[in-house]
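Counted from 1, the sequence shown has number 321 at position 140 by this note's numbering; the numbering is strictly sequential. Okay, so here's the structure we're looking at.
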Amino acid sequence: MTRNLTIGRPDDFHLHLRDQQMLAAVAPWSARLGRAIIMPNLVPPVVTGAQAAAYRDRIAAALPADATLRPLMTLYLTEATDPADVVAAHAAGIIAAVKLYPAGATTNSDSGVRDFDRVRPVFEAMAQARIPLCVHGEVTDPAVDIFDREAVFIDRVLDPVRRATPGLRVVMEHITTQDGVDYVRAGGDIGGTLTAHHLVINRNHILAGGIRPHYYCLPVAKRERHRLALVEAATSGDARFFAGTDSAPHPDHAKESACGCAGCFTAPNWLPICAHVFEQAGRLDRLEAFVSLNGAAFYGLAPNADRIRLSRRDEPATWPARIPAGEDSVTVFDPGFPLYWHVEEAA
Ligand code: OTD
Ligand code: ZN
Ligand code: ZN
182 MTRNLTIGRP DDFHLHLRDQ QMLAAVAPWS ARLGRAIIMP NLVPPVVTGA QAAAYRDRIA
242 AALPADATLR PLMTLYLTEA TDPADVVAAH AAGIIAAVKL YPAGATTNSD SGVRDFDRVR
302 PVFEAMAQAR IPLCVHGEVT DPAVDIFDRE AVFIDRVLDP VRRATPGLRV VMEHITTQDG
362 VDYVRAGGDI GGTLTAHHLV INRNHILAGG IRPHYYCLPV AKRERHRLAL VEAATSGDAR
422 FFAGTDSAPH PDHAKESACG CAGCFTAPNW LPICAHVFEQ AGRLDRLEAF VSLNGAAFYG
482 LAPNADRIRL SRRDEPATWP ARIPAGEDSV TVFDPGFPLY WHVEEAA
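Structure representation (structure tokens):
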């Protein structure tokens, strides 16, 4: 049995670090990453290059001195986004990607896009400059069942946008369905991120034995057959799929509520969860590609030069059940089974 695994330092291609008190609370838990794509859904959102640079500096100030993390910033696409500002921010090295939220699709997405024709000039400028578009792929039409929103988005929005904009590089983020996996596999300039939590929970976890707010996120977890499709994609060795945790902390009072917020906080344990999933699939040899290589290649980055070691021990790894955040706390995602893979720093 494999007991030790040395891999390139992992990156996270979809991470929420928030701001202020919450940023201070969660940043140390992501400090040992290589790079992370930082989501711009603050209140108010990060919409200009100047705001992205300022947010990057606040993140740097919140990280411990020995942090290895280099934040890769994104802009939040609105119907008022200036294509020239996007291109300039990318050319200046301030941003790595632009984020598309359909208005109302998820947390803090109200400033997102309602009419996709209005952002066509931005898509065209991005295609020209080869700037990736990170997509939250769910329709917001209340007539569409919440479990079907990803599949319908592909047909109604994503595929038409890609056909109308040759050369547009797209990351279909946090894929939760077989349909999403199939669409990425169908090819073109497209990659897909998968979260650790969607690899281990299905929709039963949210509702079995009571309502479990800490398993509620968007896109919501789907049926078991979809989870199995995600595991198959992650462990397949297909370089178009890579890790993006979507670790999304909320204060416990906002999760454990009559109208609980969406988001799972996986920053402390996403890597051991992935190691467990790959081990169960008999594919530990492909873990490094998924967490450390494929995403960097998609974004045109060199792999991180340094390495980390994972070791499989007899005793489970442990984390605090919740971490303090200001006056409140944030609950760490519980996969529901013990994790025996431990992350050691020095390789
Ligand atoms: N999903 N929660 C959040 C974002 C994501 O769709 C996402 O990227 C969040 O809290 O920012 C969530 O469930
Ligand atoms: Zn999203
Ligand atoms: Zn997210």
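Note that the Cβ used here is the ideal one computed from N, Cα and C, for glycine as well.
(request) State the CB to CB distance for the pair ILE219 and LEU253, rounded to an integer number of angstroms; the pair is presumed to be in contact (CB under 8 Å). (result) 7 Å
(request) Reducing DSSP to helix, strand and coil, say where ILE504 ends up. (result) strand
(message) I'd like to check one pair, GLU260 with CYS315: are the Cβ atoms closer than 8 Å?
(response) no
(message) At a cut-off of 7 Å, would you count THR255 as near ligand 2, judging by its Cβ distance to the nearest heavy atom?
(response) no
(request) Kindly indicate the opening and closing residues of the beta strand (DSSP E) around MET182. (result) MET182 -> no beta strand (DSSP E), and no H or E assigned at all.
(request) Under 7 Å Cβ to Cβ from ALA528, same chain only, skipping five residues before and after it: list those, please. (result) Because the pLDDT at ALA528 is just 48, under 50, the model does not fix this residue reliably, and the point stays unresolved.
(message) ARG384 and ALA402 - do their beta-carbons sit closer together than 8 Å?
(response) yes
(request) Check the C-beta distance from GLU352 over to THR374 and give it rounded, since I have them as a contact under 8 Å. (result) Here residue 352 is Val; the residue named in the question, Glu, does not match the sequence. Yes, they are in contact, since the Cβ atoms of VAL352 and THR374 sit about 6 Å apart, within 8 Å.
(message) Quick check on the DSSP output: the alpha helix (DSSP H) that includes LYS436 runs from which residue to which?
(response) 433–436
(request) Report all residues from its chain with a CB closer than 7 Å to the CB of ALA464; omit the five preceding and five following residues, and keep chain order. (result) For clarity, residue 464 is Arg in the given sequence; the question names Ala instead. Around ARG464: THR416.
(request) When you get a sec, list the residues whose CB is within less than 6 Å of any heavy atom of ligand 4, chain order please. (result) The model depicted lacks ligand 4 and carries ligand 1, ligand 2 and ligand 3 instead.
(message) Beta-carbon within less than 7 Å of PRO501's beta-carbon, same chain only, minus the 5 sequence neighbours each way: which residues are those?
(response) VAL513
(message) Any contact between the region 195–204 and the region 418–432? By contact I mean 3 or more CB pairs, one from each, below 8 Å.
(response) yes
(message) Between GLN309, GLY476, GLN202 and LEU388, which has its C-alpha nearest THR376's C-alpha?
(response) GLY476
(request) Check whether the Cβ of ASN222 lies closer than 7 Å to any heavy atom of ligand 1, and answer yes or no. (result) yes
(message) Just list the residues that DSSP pairs ALA372 with in beta bridges.
(response) Rather than Ala, the amino acid found at residue 372 in this sequence is Gly. Beta-bridge pairing links GLY372 to VAL352.
(request) With a threshold of 7 Å, establish whether the CB of THR447 neighbours any heavy atom of ligand 2. (result) no
(request) Give me the Cα-Cα distance between CYS440 and GLY285, rounded to the nearest whole angstrom. (result) 15 Å
(message) Given this structure, state the Cα-to-Cα distance separating LEU399 from ASP340, to the nearest angstrom.
(response) 21 Å
(request) For PRO323, count neighbouring Cβ atoms within 10 angstroms of its own Cβ and tell me buried if that reaches 16, exposed if not. (result) exposed
(message) Less than 8 Å between the C-beta atoms of VAL472 and PRO191, yes or no?
(response) yes
(message) For a test of the three-state rule: what should DSSP assign to CYS455, helix, strand or coil?
(response) helix
(message) In the DSSP output, what is GLU405 paired with across the bridge?
(response) GLU405 pairs with nothing; no bridge assigned.
(message) Suppose the cutoff is 6 Å on Cβ atoms and the five residues either side in sequence are ignored; what does the same chain contact list for PRO505 look like?
(response) none
(request) Tell me VAL227's beta-bridge partners as DSSP assigns them. (result) According to DSSP, VAL227 bridges with nothing at all.
(request) Could you tell me whether the Cβ atoms of VAL333 and VAL342 are closer together than 8 Å? (result) no
(message) Tell me the rounded alpha-carbon separation between THR183 and TYR257.
(response) 42 Å
(request) Determine the extent of the alpha helix (DSSP H) in which ARG343 is found, giving its start and end residues. (result) 340–345
(request) From the DSSP output, in three-state form, read off MET254 for me. (result) strand
(request) Give the secondary structure of ARG216 by DSSP, where H, G and I count as helix, E and B as strand, and everything else as coil. (result) strand
(request) Just tell me which of GLY372, HIS523 and PRO432 has its CA closest to the CA of TYR480. (result) GLY372
(message) If you measure between the beta carbons of ARG199 and PRO430, is that distance less than 8 Å?
(response) yes
(message) Suppose the cutoff is 8 Å on Cβ atoms and the five residues either side in sequence are ignored; what does the same chain contact list for ARG393 look like?
(response) HIS386 and ILE387
(request) Starting from ASP360, follow the alpha helix (DSSP H) in both directions and report where the run begins and ends. (result) 359–366
(message) Nearest by alpha-carbon distance to ALA205: which of GLU526, GLY517, ASP509 and HIS523 is it?
(response) ASP509
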